[in-house]
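Protein chains in written order, with UniProt numbering: chain A, 1 to 201; chain B, 1 to 201. Okay, structure first, notes after.
Here is the structure:
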């Protein structure tokens, strides 16, 4: 379909491999890059390379970091007795934005997905269990994505930790705040019912 | 809003400046880049830099090119007597895909847009008129975008060329093929009526 050749087509191909960028978007981005200031595009290319060179994973929790330890593991004010387990680094940021959690994190690096070839061995599960052998940890909060793979991962981890003397909790399911009850899917609405809170009486 | 720092935030900022990439997409792309193979991301960064270094504009028609002349101006089989005037290089590609035009092109580099500070002096209008002084050109086909700026540009160019002994034509307006009559906007439907073709009688 494409009429382009050489370096422009190369760029369209590379952009088209990014998630959520279809052939039309890739073409539009490529033409934007062609028209843009060279200095701006050099900054973009450099930012890509710098991230690949400078960002590493925290050896304790596997969050992304530019330092030896991530900013949470390095912070002495964070509570040592709670670990919130998430799939990805961006989930850490999402929870941090809520400002409700003062403990530490553990980033699994994904969720269990047998069809996709992802089992517990491909995730940082062993390292989590090692961290729990430390007496300090009192509670593990499972904060997986609310989908099939996330639920499977939660179930697996809960079973794995059931023999340990540690409280295991998971995030509440329910209606999204600001949402509309009638548009909630039945699973979410069902969970909201099951998890209903007594207000009085 | 953002919790990121340092090189990751730099990358999110740079990605967010691309057209059609909002803050959420920029974050998603940045995390994809973090997770992707370094060699793939080096190829992407290199493709951006190479395009900026290697692609230039054809000195005759202002289409993009990696050579001295663009592939159309350099092709002796293209007809010299017709010039199709377009706004951008990607419009050249769109028309080439139809395989209906065998003449040459002239890329204006945009459309007249007084509010955006784009007048005829900012476009390759003078170079177009210079090309027309050559006796060979018999017809100029105006193929601007069917919007306000495109129409203004067509009107301006048609008036400018009215004193020359050259046929000036423009693309037909009408219903898009594969479209649904009832969903066509009234301007398009009106144009389709005005431009109706006699089938018989």
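For glycine and all other residues, C-beta sits at the position ideal for the given N, C-alpha and C.
Closest to residue 27 of chain B by CA distance: which of B:5, B:151, B:44, B:183 is it? Within the second chain, residue 27 of chain B is the residue found at index 27, counting from 1. When only C-alpha atoms are compared, the closest one is B:5.
Bridge partners - residue 104 of chain A, DSSP secondary structure assignment: Within the first chain, numbered from 1, the residue matching residue 104 of chain A stands at position 104. Residue 104 of chain A is bridged to A:83.
Determine the closest residue to residue 29 of chain A out of B:23, B:42, B:15, with distance taken between C-alpha atoms. Here residue 29 of chain A corresponds to residue number 29 of the first chain, with the count starting at 1. If we check each option's Cα against that of residue 29 of chain A, B:15 comes out closest.
Return helix, strand or coil for residue 170 of chain B, following the three-state DSSP convention. Mapped onto the second chain, residue 170 of chain B falls at position 170. Correct three-state label for residue 170 of chain B: strand.
Indicate whether at least one CB of chain A lies closer than 8 Å to the CB of residue 105 of chain B. To locate residue 105 of chain B, count along the second chain from 1; it is residue 105. For residue 105 of chain B, the answer is no, since every Cβ of chain A falls outside 8 Å of its Cβ.
Helix, strand or coil: which one does DSSP assign to residue 123 of chain A? Within the first chain, residue 123 of chain A is the residue found at index 123, counting from 1. Coil, per DSSP.
Three CB pairs or more closer than 8 Å across the stretch 103 to 111 of chain B and the stretch 145 to 153 of chain B: Judged by Cβ distances under 8 Å, the stretch 103 to 111 of chain B makes contact with the stretch 145 to 153 of chain B, as three or more pairs qualify.
Check residue 33 of chain A in the structure and name its three-state DSSP category. Stepping through the first chain from its first residue, residue 33 of chain A is reached at position 33. In the structure shown, residue 33 of chain A sits in a helix (DSSP, three-state: H, G or I).
Per DSSP, what kind of secondary structure is residue 44 of chain B in: helix, strand or coil? Here residue 44 of chain B corresponds to residue number 44 of the second chain, with the count starting at 1. Three-state DSSP puts residue 44 of chain B in a helix.
Endpoints, alpha helix (DSSP H) assigned at residue 148 of chain A: Mapped onto the first chain, residue 148 of chain A falls at position 148. Run containing residue 148 of chain A: 148 to 161, per the alpha helix (DSSP H) assignment.
Hey, does residue 11 of chain A have any beta-carbon neighbour from chain B nearer than 8 Å? The residue given as residue 11 of chain A occupies position 11 in the first chain. Output row for residue 11 of chain A: interface = yes.
Can you tell me whether residue 137 of chain A is buried or exposed, with buried defined as 16 or more other CB within 10 angstroms of its CB? Within the first chain, numbered from 1, the residue matching residue 137 of chain A stands at position 137. Counting Cβ neighbours within 10 Å, residue 137 of chain A comes out buried, since at least 16 surround it.
Distance cut-off 7 Å: residue 79 of chain B Cβ against heavy atoms of the ligand HEM: You won't find the ligand HEM in this model; it holds no ligand whatsoever.
From the DSSP output, in three-state form, read off residue 197 of chain B for me. In the second chain, counting from the first residue as 1, residue 197 of chain B sits at position 197. Here residue 197 of chain B sits in coil by DSSP.
Per DSSP, what kind of secondary structure is residue 15 of chain A in: helix, strand or coil? Taking the first chain and counting its residues from 1, the one referred to as residue 15 of chain A is at position 15. Three-state DSSP puts residue 15 of chain A in a helix.
Should residue 278 of chain A be flagged as near chain B, meaning a C-beta pair shorter than 8 Å? Not covered by the structure: residue 278 of chain A. The range shown for chain A is 1 to 201.
Could you pull the start and end residues of the beta strand (DSSP E) that residue 139 of chain B belongs to? Residue numbering aside, residue 139 of chain B sits at position 139 when the second chain is read from its first letter. Segment 139 to 142, the beta strand (DSSP E) holding residue 139 of chain B.
So, does the stretch 9 to 24 of chain A touch the stretch 42 to 55 of chain B, judging by three or more C-beta pairs under 8 Å? Yes: at least three Cβ pairs fall under 8 Å.
DSSP on residue 56 of chain A, reduced to helix/strand/coil? Against the first chain, residue 56 of chain A aligns to sequence position 56. Three-state result, residue 56 of chain A: strand.
Does any C-beta atom of chain B lie closer than 8 Å to the C-beta of residue 74 of chain A? The residue labelled residue 74 of chain A in the question sits at position 74 within the first chain. With 8 Å as the cut-off, residue 74 of chain A does not count as an interface residue toward chain B.
Using only alpha-carbon positions, find the residue among B:132, B:92, B:175, B:179 that is nearest to residue 157 of chain B. If you number the second chain from 1, residue 157 of chain B lands on position 157. It is B:132 whose Cα lies nearest to the Cα of residue 157 of chain B.
Bounding residues of the alpha helix (DSSP H) (the contiguous stretch that carries residue 133 of chain A): As a working mapping, residue 133 of chain A is identified with position 133 in the first chain. Neither: residue 133 of chain A is in no alpha helix (DSSP H) and is coded neither H nor E.
Go through its chain and collect everything with a Cβ distance to residue 194 of chain A's Cβ below 7 Å, but skip five positions before and after it. Within the first chain, numbered from 1, the residue matching residue 194 of chain A stands at position 194. Around residue 194 of chain A: no qualifying Cβ.
Leaving aside the five residues before and after residue 41 of chain B along the sequence, list all residues of the same chain whose C-beta is less than 8 Å from its C-beta, in chain order. The residue labelled residue 41 of chain B in the question sits at position 41 within the second chain. Setting aside the 5 residues that flank it on each side, residue 41 of chain B is surrounded in the same chain by 33, each with a C-beta closer than 8 Å to its C-beta; the list follows chain order.
With 16 other Cβ atoms within 10 Å as the buried cut-off, status of residue 142 of chain A: By 1-based counting over the first chain, the position of residue 142 of chain A is 142. Under a 10 Å Cβ-count criterion, residue 142 of chain A is classified as buried, with 16 or more other Cβ atoms of the shown protein chains found around its own Cβ.
Do you know offhand how far residue 106 of chain A's Cα is from residue 197 of chain A's? The count along the first chain starts at 1 and reaches residue 106 of chain A at position 106. The count along the first chain starts at 1 and reaches residue 197 of chain A at position 197. So the alpha carbons of these two residues sit roughly 29 Å apart.
Pairwise C-alpha distance: residue 135 of chain B and residue 61 of chain B: Stepping through the second chain from its first residue, residue 61 of chain B is reached at position 61. Stepping through the second chain from its first residue, residue 135 of chain B is reached at position 135. Approximately 17 Å between the Cα atoms of the pair.
Cβ of residue 51 of chain A less than 8 Å from any chain B Cβ? Reading the first chain from its first residue, position 51 is the one you call residue 51 of chain A. So, interface residue.
Between residue 164 of chain A and the rest of its own chain, which residues show a CB-CB distance below 8 Å, the 5 nearest in sequence each way excluded? By 1-based counting over the first chain, the position of residue 164 of chain A is 164. Hits under 8 Å: 132.
With DSSP as the reference, label residue 64 of chain B as helix, strand or coil. Residue numbering aside, residue 64 of chain B sits at position 64 when the second chain is read from its first letter. Note: residue 64 of chain B maps to strand in three-state DSSP.
Go to residue 99 of chain A, then tell me how far its alpha helix (DSSP H) extends in each direction, as first and last residue. Start at 1 with the first residue of the first chain, and residue 99 of chain A comes out as number 99. According to the DSSP assignment, residue 99 of chain A belongs to no alpha helix (DSSP H), since it is labelled neither H nor E.
Whole-angstrom distance between residue 97 of chain A and residue 187 of chain A, CA atom to CA atom: For this step, residue 187 of chain A is matched to residue 187 along the first chain. For this step, residue 97 of chain A is matched to residue 97 along the first chain. Between the C-alpha atoms of residue 187 of chain A and residue 97 of chain A there is a straight-line separation of about 26 Å.
Does the Cβ of residue 182 of chain A have 16 or more other Cβ atoms within 10 Å, making it buried, or fewer, making it exposed? The count along the first chain starts at 1 and reaches residue 182 of chain A at position 182. The Cβ neighbour count for residue 182 of chain A, taken over all protein chains shown within 10 Å, is under 16; the residue is labelled exposed.
Residues near residue 149 of chain A by beta carbon distance below 7 Å, same chain, minus five either side: As a first step, residue 149 of chain A is located in the first chain; it is residue number 149 there, counting from the start. Here residue 149 of chain A has 111, 112, 113 as same chain residues with Cβ atoms under 7 Å from its own Cβ, once five neighbours each way along the sequence are excluded.
Contact set between residue 43 of chain A and chain B, taken where Cβ atoms lie within less than 8 Å: One-based indexing of the first chain puts residue 43 of chain A at position 43. For residue 43 of chain A, the chain B residues whose C-beta falls within less than 8 Å of its own C-beta are 14, listed in chain order.
Round the Cβ separation of residue 140 of chain B and residue 86 of chain B to the nearest angstrom and send it over; I've been treating them as touching at under 8 Å. Counted from its first residue, the second chain places residue 140 of chain B at position 140. Counted from its first residue, the second chain places residue 86 of chain B at position 86. Wrong, their Cβ atoms sit about 11 Å apart, outside the cutoff.
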